[in-house]
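Letter by letter, the sequence shown follows residues 10 to 197 of my numbering. Backbone N, C-alpha and C define an ideal beta-carbon position, used for all residues, glycine too.
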Amino acid sequence: MTLDSFLIAYGAALILPLSVAEGPAVSAATGFLSSQGYVGWPLAMILLVCGDLIGDLIYYWIGRSGVTPLSGLSRRLGLGEAFSPEFQRDLKQHSTKMLLVGKWTHAIGCVVLVASGMLRLKLGHFLLVNLLATVPKSGALFAFGYYAGNHIGFFERHAVLGTLLLGIAGVSAVALILRQAQLLRARP
């Protein structure tokens with residue numbers, strides 16, 4: 010069996026499990042494969058979005074089920090105030106912004122998703138915000154792979170720099186959101 014025939018036969022079946030593990034890279038690769046005729050784009054997009062949401066749910070579950078050990082660890086590290094009721098309330102009030110930042114910058118997405126579970130955000134709200142963030146993100150990455158896939162070497166060489174810049178942008182955005190929440194709480 011050649012690689013071409015393998016991708017034609019099994020390409021769609023691989024998208025969902027691979028996108029659960031690594032959504033962005035798989036979205037771009039799937040876009041490239043779709044441009045080559047190996048995978049139909051409508052099915053690919055549905056599988057990419059579903060896989061990304063399943064991955065988000067896994068991180069949410071980790072945070073939700075591990076809240077006691079993580080809280081204990083935070084107290085031992087001197088971060089006990091980080092989980093004060095006021096701070097948790099502020100995080101919940103700004104959860105939509107933080108989820109969007111986490112999803113779109115990807116570099117801090119894991120932290121934001123686990124924290125969402127730890128804060129016990131309502132699952133419906135969590136899924137809706139992640140769905141609304143995942144569709145354009147997966148679509149953009151898919152389109153990137155579809156149209157720029159032939160130049161992937163250039164992007165591979167600059168992947169670390171891109172991840173670093175997205176990480177800085179994500180941390181900065183979350184810090185601004187938290188600062189805004191503290192300022193609002195400090196007002197009389």
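My assumption, with CB atoms under 8 angstroms, is that residue 188 sits in contact with residue 126. Please give the rounded CB distance. Contact doesn't hold; Cβ gap of about 24 angstroms is too wide.
The region 100–113 contacting the region 47–57, beta-carbon criterion three pairs below 8 angstroms: no
According to DSSP, is residue 48 part of a helix, a strand, or is it coil? coil
Taking buried to mean at least 16 other C-beta atoms within 10 Å of its own C-beta, is residue 156 buried or exposed? exposed
Cβ-Cβ distance between residue 62 and residue 143 below 8 angstroms: yes
Top-ranked residue by Cα proximity to residue 117, from 43, 184, 23 and 18: 184
With DSSP collapsed to three states, give me the class of residue 177. helix
Put residue 140 into one of helix, strand or coil per three-state DSSP. helix
Spatial neighbours of residue 101 in its chain, beta-carbon cut-off 7 angstroms, leaving aside the 5 residues before and after: 128 and 130
Cβ shell of residue 60 (< 8 angstroms), same chain only, five flanking positions each side left out: 24, 25, 26, 27, 28, 29, 32 and 35
Exposed or buried, which one is residue 19 when buried takes at least 16 other CB atoms within 10 Å? exposed
Take the Cβ of residue 122 as the centre, count every other Cβ of all protein chains shown within 10 Å, and call the residue buried at 16 or more, exposed below. buried
What's the C-alpha gap between residue 152 and residue 71? 31 angstroms
Nearest-angstrom beta carbon gap, residue 48 and residue 21 [assumed within contact, 8 angstroms]: 6 angstroms
Under 8 angstroms between the Cβ atoms of residue 46 and residue 150? no
Which value, in whole angstroms, describes the spacing of the CA atoms of residue 154 and residue 146? 12 angstroms
So, is residue 42 buried or exposed, given that buried needs 16 or more other C-beta atoms within 10 angstroms? buried
What three-state label does DSSP hand residue 86 in the structure shown? Low per-residue confidence applies at residue 86: pLDDT is 48, beneath 50, and the placement is therefore not dependable enough to give any value.
Starting from residue 122, follow the alpha helix (DSSP H) in both directions and report where the run begins and ends. 118–127
What number of angstroms, rounded off, separates the C-alpha of residue 137 from the C-alpha of residue 173? 28 angstroms
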